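See below for the structure under consideration.
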Amino acid sequence: MADIRTRFREADRIAAPDLWPDITTRRPGRAPPGSGRPRVAITLLALALAGVGIFAMARAFLGPAEEPDRPSGPTPTRFVPVPKENGRIAFTRIDPDSVVEGQPPKAALYTVDPDGTELARLIDISAHSTSAWSPDGSRIAFMDRETGGISVMQPNGSQGIRITACDSLGGCTVDSGPAWSPDGRRIAFFGVREDNEGIWMVASSGGDLEPILPRFIPGGSPTWSPDGRQIAISGSFYDAEHHVGPHAIYIVDVQTGDVVRSFRPKGRDPSDVTWSPDGNWLAFHLGGPGGLVRDAAIYLIRPDGSDLRLLTAWSCPNRSTCSPLQPAWSPDGRLIAFTGGGGELGSDGFSGDLFLIEVETREIRRLTKGPGLDCCATWQPVASK
Amino acid sequence: VAAGPQTRVERVYRESGPRMWRAVFLFSGDRDIASDAVAEAFAQALRRGDEIRTLERWLWRTSFLLARGMLKDRRAQGARLPEQSEEFPGGTVELLSVIRQLSPMQRAVVVLHYYADFPVRDVAALTGSSAAAVGVHLHRARRRLRELLEVGDG
Numbered sequence: 464m465a466d467i468r469t470r471f472r473e474a475d476r477i478a479a480p481d482l483w484p485d486i487t488t489r490r491p492g493r494a495p496p497g498s499g500r501p502r503v504a505i506t507l508l509a510l511a512l513a514g515v516g517i518f519a520m521a522r523a524f525l526g527p528a529e530e531p532d533r534p535s536g537p538t539p540t541r542f543v544p545v546p547k548e549n550g551r552i553a554f555t556r557i558d559p560d561s562v563v564e565g566q567p568p569k570a571a572l573y574t575v576d577p578d579g580t581e582l583a584r585l586i587d588i589s590a591h592s593t594s595a596w597s598p599d600g601s602r603i604a605f606m607d608r609e610t611g612g613i614s615v616m617q618p619n620g621s622q623g624i625r626i627t628a629c630d631s632l633g634g635c636t637v638d639s640g641p642a643w644s645p646d647g648r649r650i651a652f653f654g655v656r657e658d659n660e661g662i663w664m665v666a667s668s669g670g671d672l673e674p675i676l677p678r679f680i681p682g683g684s685p686t687w688s689p690d691g692r693q694i695a696i697s698g699s700f701y702d703a704e705h706h707v708g709p710h711a712i713y714i715v716d717v718q719t720g721d722v723v724r725s726f727r728p729k730g731r732d733p734s735d736v737t738w739s740p741d742g743n744w745l746a747f748h749l750g751g752p753g754g755l756v757r758d759a760a761i762y763l764i765r766p767d768g769s770d771l772r773l774l775t776a777w778s779c780p781n782r783s784t785c786s787p788l789q790p791a792w793s794p795d796g797r798l799i800a801f802t803g804g805g806g807e808l809g810s811d812g813f814s815g816d817l818f819l820i821e822v823e824t825r826e827i828r829r830l831t832k833g834p835g836l837d838c839c840a841t842w843q844p845v846a847s848k
Numbered sequence: 579v580a581a582g583p584q585t586r587v588e589r590v591y592r593e594s595g596p597r598m599w600r601a602v603f604l605f606s607g608d609r610d611i612a613s614d615a616v617a618e619a620f621a622q623a624l625r626r627g628d629e630i631r632t633l634e635r636w637l638w639r640t641s642f643l644l645a646r647g648m649l650k651d652r653r654a655q656g657a658r659l660p661e662q663s664e665e666f667p668g669g670t671v672e673l674l675s676v677i678r679q680l681s682p683m684q685r686a687v688v689v690l691h692y693y694a695d696f697p698v699r700d701v702a703a704l705t706g707s708s709a710a711a712v713g714v715h716l717h718r719a720r721r722r723l724r725e726l727l728e729v730g731d732g
């Protein structure tokens, strides 16, 4: 059987009508010919989209949107200092003007200092890709857009080494979401092999794959506990009959593959979970009610599923799908980088920049300001002097 | 010399309009809705000119939003998806038939992902959902499509 994408390509044989004469003569918002369907909703939608456009332009000049949903209650306890300092931040920048017919948008991997200076473009990268610094800060793992597998390179973008082979005959589409073990010896990632979607492990020098979580659909990359004994991952398991289980945060014992515990904060969909360097907290994106982006926010929770706390929401007036995404802890545990307003495909196309939030004070400052979507931050650990 | 708004819109229409129409048609199952949604989106783009920065993405989003609204209106009136009475090229008949058996959300995510080639995060933004939720919809739709298309191939 041809694969699903090939089957969808057959739709290219359906003749499409020439709409251009209608486009150039129609008055936007008029009733469609011969239908008599009410157009109130469509008119309101057009007005809403116009509002989104106006806001997007205003935001471009005024900076980040107000984030009014301030956290309540006590802030988390002071994090235990860890012997790592904050190095550079690597992130994916998606070019909004690079869309080519039938192709995903172009993206590149950048690095920047935490104060927003010394921006450097490393390599072209897949827009699907997230990357990860090694624990010693000497390498970056990423999804290689040429091979679809995980590769590792130097911090300046040179000397890429292939770690996994993504063979479509073996069922692989892409290997994504790499996460280094704290000792730097292994990399966990999401991939498909022989129709088995799930989380796999590979030595950071390459080699055979070891299944960690078979039959699992992730919502973000895996993240390791600082002691390397557990992995946290958000997503859903599915069974042999392909019934999908609850979307939750799962804490998994790396040695046995057993789920130690799972929790579904507020009964909503969590994603992009990341473990704090001191091991005391998980930061994650939590979707809004009903799986919608609206009212989504970044939260903190203890690895035992207790003590849920709002870290930051991200409000964009007139944009219902604006939210903070993809938190990434700084190596010293004091800051979290995240994408503000990102993932939104508003009237101005991709939008979203990187911001840093101080965990104790919740003070937010801008890190990047690009034309498109800056996402998927990962922070370089640097040995303490 | 920079292209004017109409030239820019027409270029996008010539390059992507038919593909956009087919995607909305696959999603809605209705030629009239596809034609009206896509034409309306392009007409709005013409009127708004240069204020739309990333034109093609805006058009994709708007076309689908308009089509979704039209389908919602139609459902509110108690109508179901129309039966396909016209002829389509071989292979596409089965595809259309199979897509019709998916839920509206599943139709949207598979069309945007497998036909329009949008990555999951873009599909999430286009559908106003989260990437996690889209992942689940996509998984369920993929499984259903495999079952249905394998039966069809048999």
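Those protein sequences? They're chains A and B, same order as listed.
All residue numbers for the first sequence refer to this note's numbering, where the first residue is 464 and numbers rise by one.
All residue numbers for the second sequence refer to this note's numbering, where the first residue is 579 and numbers rise by one.
Glycine is no exception: its CB is placed at the ideal position from the N, C-alpha and C atoms.
Just so you know, these numbers come straight off a predicted model, no measurement behind them.
Length of the line joining the Cα atoms of residue i and residue j
i, j, result
"A/Cys839", "A/Gln617", "18 Å"
"A/Val722", "B/Ile677", "36 Å"
"A/Ser793", "A/Gly730", "28 Å"
"A/Thr627", "B/Ala617", "45 Å"
"A/Phe818", "A/Asp741", "22 Å"
"A/Gly550", "A/Asp578", "11 Å"
"B/Glu725", "B/Val714", "17 Å"
"A/Gly600", "A/Gln843", "5 Å"
"A/Leu749", "A/Arg724", "18 Å"
"A/Arg608", "B/Tyr693", "20 Å"
"A/Gly669", "A/Ala791", "25 Å"
"B/Val602", "A/Leu676", "36 Å"
"B/Thr733", "B/Ala623", "It is not possible to answer for residue 733 of chain B, since the shown part of chain B is limited to 579 through 732."
"B/His691", "A/Ser847", "45 Å"
"A/Gly768", "A/Trp663", "24 Å"
"A/Leu836", "A/Leu585", "17 Å"
"A/Arg489", "A/Ala478", "22 Å"
"B/Glu615", "A/Thr593", "Correcting the residue type first, residue 615 of chain B is Ala in the shown sequence and not Glu. Distance between the alpha carbons of B/Ala615 and A/Thr593 is about 34 Å."
"B/Asp695", "A/Ile613", "21 Å"
"A/Arg470", "A/Trp483", "28 Å"
"A/Thr555", "A/Asp485", "40 Å"
"B/Arg592", "B/Ser606", "22 Å"
"A/Asp558", "A/Leu788", "18 Å"
"A/Leu507", "A/Pro709", "With a pLDDT of 31 at A/Leu507, under the threshold of 50, the modelled position of that residue is not reliable, and the figure given next carries that caveat. Near 35 Å, if we compare the C-alpha coordinates of A/Pro709 and A/Leu507."
Limits of the unbroken beta strand (DSSP E) element including residue i
i, result
"A/Thr841", "836-846"
"A/Leu676", "673-677"
"A/Glu581", "Taken as a continuous stretch (DSSP letters only), A/Glu581 belongs to no beta strand (DSSP E), as it is neither H nor E."
"A/Gln789", "787-792"
"A/Thr737", "733-738"
"A/Thr627", "Taken as a continuous stretch (DSSP letters only), A/Thr627 belongs to no beta strand (DSSP E), as it is neither H nor E."
"A/Trp643", "639-643"
"B/Phe696", "Run containing B/Phe696: none; DSSP gives neither H nor E here."
"A/Ser594", "594-596"
"A/Leu771", "Run containing A/Leu771: none; DSSP gives neither H nor E here."
"A/Ser725", "722-726"
In DSSP terms, what residue i is bridged to
i, result
"A/Phe652", "A/Trp663"
"A/Asp716", "A/Gln693"
"A/Met616", "A/Ile603"
"A/Lys547", "A/Ala846"
"A/Val707", "A/Tyr701"
"A/Tyr573", "A/Phe554, A/Arg584"
"A/Trp777", "Paired residue(s): none; A/Trp777 is not in a bridge."
"A/Glu821", "A/Leu798"
"B/His717", "Bridge partners of B/His717: none, in fact."
"A/Ala760", "A/Leu749, A/Ala776"
Beta-carbon neighbours of residue i, restricted to chain D and to distances below 8 Å
i, result
"B/Leu673", "Looking for chain D here will not work: the only protein chains present are A and B."
Residue i: first and last residue of the uninterrupted alpha helix (DSSP H) it sits in
i, result
"B/Ala621", "609-626"
"A/Gly827", "The residue asked about is misnamed: residue 827 of chain A is Ile in this sequence, not Gly. First-last for A/Ile827: 827-829, but that is the beta strand (DSSP E), not the alpha helix (DSSP H)."
"A/Thr469", "467-472"
"B/Val688", "682-688"
"B/Ile630", "Looking at the DSSP string, B/Ile630 is not in any alpha helix (DSSP H), and its letter there is neither H nor E."
"A/Trp483", "483-488"
"B/Ser675", "670-677"
Inter-residue CB distance, residue i and residue j (contact presumed, cutoff 8 Å)
i, j, result
"A/Ser699", "A/Gly683", "About 12 Å; that fails the 8 Å criterion."
"A/Ala879", "A/Trp687", "Lying outside 464 to 848, the shown extent of chain A, residue 879 of chain A is not represented and no answer is given."
"A/Pro689", "A/Ala651", "Actually they do not touch by this definition, with Cβ atoms about 15 Å apart."
"A/Ala570", "A/Ile552", "Contact flag wrong, Cβ pair sits at about 16 Å."
"A/Glu473", "B/Leu704", "At roughly 22 Å, the Cβ-Cβ gap does not stay under 8 Å, so A/Glu473 and B/Leu704 are not in contact."
"A/Arg746", "A/Leu763", "The sequence shown places Ala at residue 746 of chain A, rather than the Arg named in the question. Correct: roughly 6 Å between the Cβ atoms."
"B/Leu716", "B/Val688", "7 Å"
"B/Phe642", "B/Ala686", "7 Å"
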